[in-house]
Amino acid sequence: MGIFDGPLKIEIAAASGIEAVTRRELLRLGYAPSGANYGRMVFDGNFQDVLRANVFLRTANRVRIILAAFKAESFDSLFESVSQLRWQDILPKDARIIIDAKSQKSKLFSPRSIQSITKKAIVCAMQNAYGIKTLPENGTAYNIEVSICEDTATLALDTSGDGLHKRGYRTYLGDAPLRETLASAMIQLSVWNPERPLIDPFCGSGTISIEAAMTGLNIAAGMHRTFACEKFYGVPNVSEQVRQEAEQLIKRDTKLHISGFDINPDAIKLAMKHAERAGVKDSIHLQVADVRNLSSAKSHGIILTNPPYGERLMNTNDVERLYRDFGAVCRKLDKWCVYVITSFRGFEKHFGKKADRIRKLYNSQLECNFYQYLAPPPEKKPKGTNG
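Below, the structure written as structure tokens:
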């Protein structure tokens with residue numbers, strides 16, 4: 005029996021600042037993850053749970069299977085511990101072995117050396133197990149991470165392949181793209197629910213609007229893509245079962261009020277194309293519009309956006325002017341909550357109001373602040389009323 009047929013330790017990696025959001029997602033999926041440590045959390049499951057995590061998680065970066073954990077205070081002990089694993093139960097003899105290495109607060113601190121020793125140990129173990137002198141390495145790729153933290157090494161097999169932010173609906177990233185996983189985290193950190201209107205006045209290629217629509221319709225984040233683990237040798241055939249589960253959970257009749265606006269016509273064309281690829285084009289209103297003309301007849305909505313910032317898009321004076329105009333528009337929508345992510349440090353000053361809450365988030369490697377402006381919630385409707 006290979007390792008994929010039995011119980012597994014499953015590791016979820018999340019970006020800094022959104023670990024709690026990812027953990028709540030895991031709890032909703034029925035798992036009991038450990039507390040996040042360096043952006044990692046672990047739960048017990050099987051291979052079907054590995055695939056479910058890849059398909060359903062909206063904010064995770066990667067899903068890995070933990071193969072082993074051991075003390076590694078010298079390269080000799082690292083080599084010995086790695087080579088003792090039964091790699092023939094994990095890798096076929098033609099596996100293309102790729103090693104990534106990380107080290108924090110450990111005696112072994114050179115990622116390149118850690119990577120080299122780990123690869124050498126795996127190759128030697130595979131050669132002995134299969135009785136061959138040379139591994140062809142011309143088959144399926146297996147990406148193994150060796151992470152050493154405080155002298156404890158953890159070996160983990162990546163099951164995702166491309167990062168989980170790559171949903172498959174974006175054909176072109178546009179300028180200063182927002183990662184899909186971060187957009188989803190922002191939605192989950194807001195007070196938005198499918199009954200409330202949502203507007204992104206700087207929608208660009210449509211990521212926030214699309215992620216909100218996928219959430220509102222309960223479309224699984226990864227149901228339209230494949231994962232590295234589906235090509236692994238000897239894995240249980242559960243892909244169709246997991247995707248059928250995802251299909252059955254879609255709430256196609258949900259009526260959403262999501263709008264995306266942008267002053268750039270090319271951005272709106274791209275957003276429309278992405279919304280169609282994501283299967284949500286009929287649930288989002290996309291339109292060319294200047295933020296200075298933003299208004300709505302609806303009340304108690306959510307403005308959730310990633311406005312232009314940084315030298316690549318606008319100079320400082322233009323950004324400051326834009327944020328002042330944006331703030332003036334938002335003050336007219338005084339019953340709306342406003343959520344803004346930007347790396348521009350003077351945002352509150354030029355927006356014209358101190359945020360109720362600020363949370364540090366990262367868009368890839370770029371440190372940003374997530375400014376949250378809250379408004380009174382809508383009044384609860386009496387039971388038995390309609391409309």
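Quick note: this note's numbering has the sequence shown finishing at residue 391, numbered continuously throughout. Note that CB positions come from ideal geometry on N, CA and C, so glycine has one too. Note that this is a predicted model, so its numbers are computed, not measured.
Hey, could you find the ends of the alpha helix (DSSP H) LEU82 is sitting in? Taken as a continuous stretch (DSSP letters only), the alpha helix (DSSP H) holding LEU82 covers 79 to 87.
Boundaries (first-last residue) of the alpha helix (DSSP H) holding LEU61: First-last for LEU61: undefined, no H or E at that position.
Is CYS334 helix, strand or coil when you go by DSSP? helix
Buried or exposed (CB count within 10 angstroms, at least 16 for buried), SER188: Buried is the label assigned to SER188, since at least 16 other Cβ atoms lie within 10 Å of its Cβ.
Let's test the definition: count the other Cβ atoms within 10 Å of the Cβ of GLN376 and tell me whether it reaches 16, buried, or not, exposed. buried
Name the DSSP beta bridge partners of ASP155, please? Looking at the DSSP assignment, ASP155 forms no beta bridge with any residue, so it has no partner.
Among ILE212, THR219 and GLN88, which one has its Cα closest to the Cα of GLU199? THR219
What three-state label does DSSP hand LEU112 in the structure shown? coil
Consult DSSP for LYS106 and reduce its assignment to one of helix, strand or coil. strand
Buried or exposed, going by whether 16 or more other CB atoms sit within 10 Å of the CB of HIS278? It counts as buried.
Where do the ends of the alpha helix (DSSP H) carrying HIS354 lie? 351 to 355
Put ILE267 into one of helix, strand or coil per three-state DSSP. Residue state, collapsed to three classes: coil.
Please say whether LEU290 and GLY264 have beta carbons closer to each other than 8 angstroms? yes
State whether the region 222 to 241 contacts the region 140 to 147, with contact taken as three or more CB pairs (one from each stretch) at a distance under 8 angstroms. By the criterion of at least three beta-carbon pairs nearer than 8 angstroms, the region 222 to 241 is in contact with the region 140 to 147.
List the DSSP bridge partners of HIS1. There is no way to answer for residue 1, as the model of the chain reaches only from 5 to 391.
Among the candidates SER151, ARG256, SER300 and ASP294, whose CA atom is the shortest distance from the CA of ASN268? ASP294
Residues in its own chain within less than 6 angstroms of CYS334 by CB, not counting five upstream and five downstream? Cβ-Cβ distances below 6 angstroms link CYS334 to VAL342 in the same chain, with the five nearest sequence neighbours on each side left out; the list follows chain order.
Taking the alpha carbon of PRO312 as the reference point, which residue from ASP338, SER110 and ILE345 has its own alpha carbon closest? ILE345
When DSSP labels each residue in this structure, what does ARG328 get in the three-state scheme? helix
Note down, one range per segment and in chain order, each alpha helix (DSSP H) of at least 4 residues found wholly within the region 164 to 240. 184 to 193 and 211 to 220
Please classify LYS273: does DSSP put it in a helix, a strand, or coil? helix
C-alpha gap between LEU159 and LYS106, whole angstroms: 11 angstroms
Suppose you measure from the CA of ASN41 to the CA of SER299; what does that come to, to the nearest Å? 43 angstroms
Are ASN65 and ALA18 close, meaning C-beta to C-beta below 8 angstroms? yes
SER164 classed as buried or exposed, judged by whether at least 16 other C-beta atoms fall within 10 angstroms: buried
DSSP-derived helix/strand/coil call for ASN321: In the structure shown, ASN321 sits in a helix (DSSP, three-state: H, G or I).
Residues near SER110 by beta carbon distance below 7 angstroms, same chain, minus five either side: Within the same chain, SER110 has close Cβ partners ILE152, CYS153, GLU154 and ASP155.
Indicate whether the contact test is met: 3 or more Cβ pairs, each with one atom in the region 79 to 90 and one in the region 117 to 134, closer than 8 angstroms. yes
Using a threshold of 8 angstroms, state whether the C-beta atoms of ARG363 and PHE374 are closer than that. yes
May I ask you to report which of helix, strand or coil DSSP gives LYS358? Coil.
Test item: CB-CB of VAL246 and LEU55 under 8 angstroms: yes
Could you check where the beta strand (DSSP E) with LEU95 kicks off and where it finishes? Where LEU95 is concerned, there is no enclosing beta strand (DSSP E), given that its DSSP letter is neither H nor E.
Euclidean distance between Cα positions of GLN92 and SER20: 35 angstroms
GLU149, DSSP secondary structure in three states: strand
Report buried or exposed for THR122, applying the criterion of at least 16 other Cβ atoms within 10 angstroms of its Cβ. By the neighbour-count rule (16 or more Cβ atoms within 10 Å), THR122 is buried.
Do GLU23 and GLY43 count as a contact pair if the criterion is CB distance below 8 angstroms? yes
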